[in-house]
Amino acid sequence: MSTRALSARRPGTVDRVGSARLRVLSMLALAIVLAGMVWSRLAYWQVAQHGRLTVQAQAQYREFVQLPAMRGAVFDRNLTQLVVNTTVYSAFVSPDQIVAADRDRVATGLAGVLGVDQAKVMTTLQSSSKFAYIARRFPKAKADKLRTLKLPGVGLQEETQRSYLPGIASGTTLAANLLGFVDWNGAGRYGLEEKYQKVLAGTPGYISSYRDLSNREIVLGSHTHQDPVPGSDLVLSVDASVQYAAEQALAEGVKRDKAESGSVLIMDPATGGIVAWADYPSYNANDFNHTDAALFKDNVLSYVYEPGSVMKVVTLSGALNAGAITPTTVINDPGYLKVDGFWIYDWDRRNHGNIDYTYVLEHSLNVGAMKAMLAVGHDAYYKNLQAFGLTQPSGIDVAGESFIPLPSAAQMQDAQYATTSFGQGIDVNMVQMLAATNVVANGGKYAPPHLVERMGTQINPLLLQSQRQVITPATAAKMTAMMEQVVQKGSGWTSRIRGFELDQAGKTGTSQIPVNGKYTQDVWTSFVGFLPAQHPKFTMLVVVRKPHYPGSERDWTLNDGYMTAEPIWKQIAQTIVVDWHITPDPH
Amino acid sequence: MTSTRILTRRRLGANSAVSHVANPPRRRRRTRGFVHVAGAVAAERLRLNMFGHAYMAVGAVVIVLLFYLAIAAQITQASYDITRLQDQQRQLIAEQDQLRYQEVTLHAPAQVQQQAAQSGMQRVVPSSYVQGTEVAVDLEAPVGASASDTTPLWLRAVALVVNTVGGTRDVQAATKH
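Listed in order, the protein sequences are those of chains A and B.
The first sequence begins at 1 in the working numbering and counts up one residue at a time.
The second sequence begins at 588 in the working numbering and counts up one residue at a time.
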């Protein structure tokens, strides 16, 4: 090739070199872009999605099993176990793992052992779902039968259930309204189970381990293990025998009185520990999922009522303590009193003439109670209500306390002061009322009401605190003597227990039920009492709601506490006297 | 003083310094290691070539692998046994719970009352007083020894000495038991 020819190609060579460099650069850029796309995608999966992928990967080979903590047991004061943890089973199927040829055998087996509808089971098996429950919470015997059948695609799931002691009838359990129950998620509902959920439930543990292709745990593989911390046991102040007797007497009484409902609350006067807590009607806590939710309500604590004449114990105790009256102070009771423009009458609307305060309590006279309140004065009377714990919730360790606060002392009208003195126009729950009247039985001290005596090995701190002195021991003794007269000479005569006639203190109460601001003919009736009067072993309050005692349509006084609540009180007290070997004080 | 022997060694050392360094140290191990010897003997007898060594190495690895697999299988088997035993334990606990509930139910007030009623037992209310016999007590009578005490004086005197408690008939009566 000639030099000319070569020289003629030079510019072209320069062009080609330039385009080659361009191609290289463009290829490099393309490679960088492609690599960048790959890298960015890698970065996305490895950095941005790291957490999610790790979780997904671990889900394939790691198994996280929660170890449920054993829920604490509940005992009564004699260490009778009131609640037991039992194991129940739930059967489930995985329809996608059951071949069509086996479906009939599986459905027949499940229906035969569990008593479920075979057609429904067959429908479930033919569905495309991966998991379905067939039956829930059946006993171990059925589970064992099911295991022996070795049905394909059928699994058993263990669950813990709280089992409560049988009650007075086949459809009830002992102290159901007090204890509450534990739902299928392990949460305490109502009563003690709800109040002490954290204490009873404990802390669940876990096992994180590997599993093989058959989904079986490789126990010796690397795994982390945290033991569960079991819940604490509770020891209550309740006496199971007395509880049973109270429920039995209450059920009989409410049925006899044709009442809507009734409740009994029994307290240890010295400590404030609740001995029995009964409601009627009640329910079966072992079968809570088939129970009307209205029955779960605990009327002892969640139902407020006007206590009626039982309040006179508080009114007269305050007046005695203030020195405004004595048991023998004489007043004139014409049968009515005009307060704030309202005429307020005694229950019998009779002129009682000159009477003393012991007579006022014996015959439950409203005018006497109002005069005692007036003698002590509004402010002092209000402070008296506060001291007896009637202006704040009782604070008892059971869930669901209802409380209606009183207006402040300045806001209360004269008429409300007057009606409050004999227990109308003031709303309390039974725990508040029993704790208030128990002040008299406890030598003038307020014993805080409580259920739990011990949590695990720890004593309830309430028991170690000093009790508040509300009235002097001398005032308490005077009021006790007046309440003894109620049983011996007054409205408490139907509560007398043979052998304790001279050694028993009590007070009846009957109050009309207000509806839409007007009092109706329906009443709450009650009786509170303690014995032996000088050294009380128990204080008991019985409330019957809307009784319709046979014959009360002719004589409405038959619905009063002395005919409805007192016989229930008497029947339970007799049982306690026998069970606790109580003897009358020597006179 | 230098011996002729040392001088001779020095002379020899000066002449053969280079070769002295190149030679292995004079003090050699007289015996070789057992493994080395055994290996050499085995190699000599088996006449193993390079492939033979490779086969041996692979064989050793296989043996170790089999040993590992055996151990792993045992561990896996043990883990399955533990799982089975845990399952068995759960079932036993479930049975124990059932038995506990049955036991508690047997002592429940409802059951006790039902069984008591079946046995004809009744809760007796203490409704009667113990009848007492009236005794005439003269509250005006002087307090002291009974006037009808006819114990001789000498016996009282002896009793005072013998009985540290003092008294006469009361003490004698008490000591009879």
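Glycine included, C-beta positions come from ideal geometry on N, C-alpha and C.
Using the beta-carbon count (16 or more within 10 Å), is residue i buried or exposed?
i: aspartate 684 of chain B; result: buried
i: serine 26 of chain A; result: exposed
i: isoleucine 32 of chain A; result: exposed
i: aspartate 585 of chain A; result: exposed
i: asparagine 384 of chain A; result: buried
i: tyrosine 417 of chain A; result: buried
i: glutamate 484 of chain A; result: buried
i: isoleucine 650 of chain B; result: exposed
i: lysine 130 of chain A; result: exposed
i: tyrosine 133 of chain A; result: exposed
i: histidine 363 of chain A; result: buried
i: aspartate 560 of chain A; result: buried
i: alanine 609 of chain B; result: Only weak support exists for where alanine 609 of chain B lies, its pLDDT of 48 falling under 50; the value from the coordinates is given anyway. Exposed: under 16 other Cβ atoms inside 10 Å.
i: serine 127 of chain A; result: exposed
i: phenylalanine 621 of chain B; result: exposed
i: glycine 509 of chain A; result: buried
i: valine 440 of chain A; result: buried
i: histidine 623 of chain B; result: exposed
i: tryptophan 524 of chain A; result: buried
What is the C-beta distance between residue i and residue j, in whole angstroms, given that I count them as a contact (C-beta under 8 Å)?
i: methionine 455 of chain A; j: serine 232 of chain A; result: 5 Å
i: glycine 171 of chain A; j: asparagine 299 of chain A; result: 18 Å between Cβ atoms; not a contact.
i: serine 317 of chain A; j: isoleucine 471 of chain A; result: 5 Å
i: valine 182 of chain A; j: isoleucine 568 of chain A; result: Wrong, their Cβ atoms sit about 31 Å apart, outside the cutoff.
i: proline 514 of chain A; j: valine 428 of chain A; result: At roughly 14 Å, the Cβ-Cβ gap does not stay under 8 Å, so proline 514 of chain A and valine 428 of chain A are not in contact.
i: glutamine 675 of chain B; j: tyrosine 244 of chain A; result: So it is not a contact: roughly 38 Å between Cβ atoms.
i: leucine 250 of chain A; j: leucine 200 of chain A; result: No, leucine 250 of chain A and leucine 200 of chain A are not in contact; Cβ-Cβ is about 27 Å, not under 8 Å.
i: leucine 236 of chain A; j: valine 74 of chain A; result: 7 Å
i: proline 269 of chain A; j: proline 68 of chain A; result: Between proline 68 of chain A and proline 269 of chain A the Cβ distance is about 41 Å, and since that is not below 8 Å, they are no contact.
i: proline 368 of chain A; j: tyrosine 357 of chain A; result: In the sequence under discussion, the amino acid at residue 368 of chain A is glycine, which differs from the proline named in the question. At roughly 6 Å, the Cβ-Cβ gap stays under 8 Å, so glycine 368 of chain A and tyrosine 357 of chain A are in contact.
Measure the Cβ-Cβ separation of residue i and residue j and say whether it is below 7 Å.
i: alanine 240 of chain A; j: threonine 80 of chain A; result: yes
i: arginine 710 of chain B; j: valine 578 of chain A; result: yes
i: leucine 390 of chain A; j: glutamine 424 of chain A; result: no
i: tryptophan 277 of chain A; j: leucine 178 of chain A; result: yes
i: lysine 546 of chain A; j: valine 528 of chain A; result: no
i: aspartate 348 of chain A; j: lysine 195 of chain A; result: no
i: aspartate 206 of chain A; j: glutamine 66 of chain A; result: Rather than aspartate, the amino acid found at residue 206 of chain A in this sequence is tyrosine. Yes, they are a contact pair.
i: threonine 539 of chain A; j: methionine 267 of chain A; result: yes
i: threonine 326 of chain A; j: alanine 372 of chain A; result: no
i: valine 543 of chain A; j: isoleucine 404 of chain A; result: no
i: phenylalanine 422 of chain A; j: asparagine 366 of chain A; result: yes
i: glutamate 159 of chain A; j: valine 88 of chain A; result: yes
i: threonine 475 of chain A; j: leucine 320 of chain A; result: yes
So what's residue i in DSSP terms, helix, strand or just coil?
i: alanine 505 of chain A; result: strand
i: tyrosine 164 of chain A; result: strand
i: glutamate 159 of chain A; result: strand
i: histidine 450 of chain A; result: strand
i: proline 696 of chain B; result: helix
i: aspartate 522 of chain A; result: strand
i: glycine 109 of chain A; result: helix
i: isoleucine 396 of chain A; result: coil
i: tyrosine 283 of chain A; result: coil
i: glycine 101 of chain A; result: Note that residue 101 of chain A corresponds to alanine in the displayed sequence, not to glycine. Residue state, collapsed to three classes: helix.
i: phenylalanine 638 of chain B; result: helix
i: leucine 67 of chain A; result: strand
i: asparagine 332 of chain A; result: strand
i: phenylalanine 500 of chain A; result: coil
i: leucine 599 of chain B; result: Residue placement at leucine 599 of chain B is flagged as unreliable, the pLDDT there being 49, under the threshold of 50; the coordinate-derived value follows with that caveat. It is helical.
i: leucine 390 of chain A; result: coil
i: serine 261 of chain A; result: strand
i: leucine 213 of chain A; result: coil
i: serine 317 of chain A; result: helix
i: valine 542 of chain A; result: strand
i: arginine 62 of chain A; result: strand
i: lysine 74 of chain A; result: The question names lysine, but residue 74 of chain A in the sequence shown is valine. Reduced to three states, the DSSP call for valine 74 of chain A is strand.
With 7 Å as the limit, tell me which residues of the region 152-170 of chain A have their beta carbon closer than that to any beta carbon of chain B; keep them in chain order. Glu158, Ser163, Leu165, Pro166, Gly167 and Ile168
Residues in the region 73-93 of chain A with C-beta within 7 Å of chain B's C-beta atoms, listed in sequence order? Thr80, Gln81, Val84, Asn85, Thr86 and Thr87
Mind listing which residues of the region 682-694 of chain B have their C-beta closer than 8 Å to chain A's C-betas, in chain order? Residues of the region 682-694 of chain B whose Cβ lies closer than 8 Å to any Cβ of chain A, in chain order: Glu682, Asp684, Gln685, Arg687, Tyr688, Val691, Thr692 and His694.
What residues in the region 239-253 of chain A have a beta carbon less than 7 Å from any beta carbon of chain B? Ala240, Ser241 and Tyr244
Cβ-based contacts, 8 Å cut-off: residues of the region 643-661 of chain B near chain A: none
Could you please tell me which residues of the region 199-211 of chain A, in chain order, have their CB closer than 8 Å to any CB of chain B? none
To be precise: take each residue of the region 119-141 of chain A, compare its Cβ to all Cβ atoms of chain B, and keep it if any distance is under 7 Å. Which residues remain? Those would be Lys140, in chain order.
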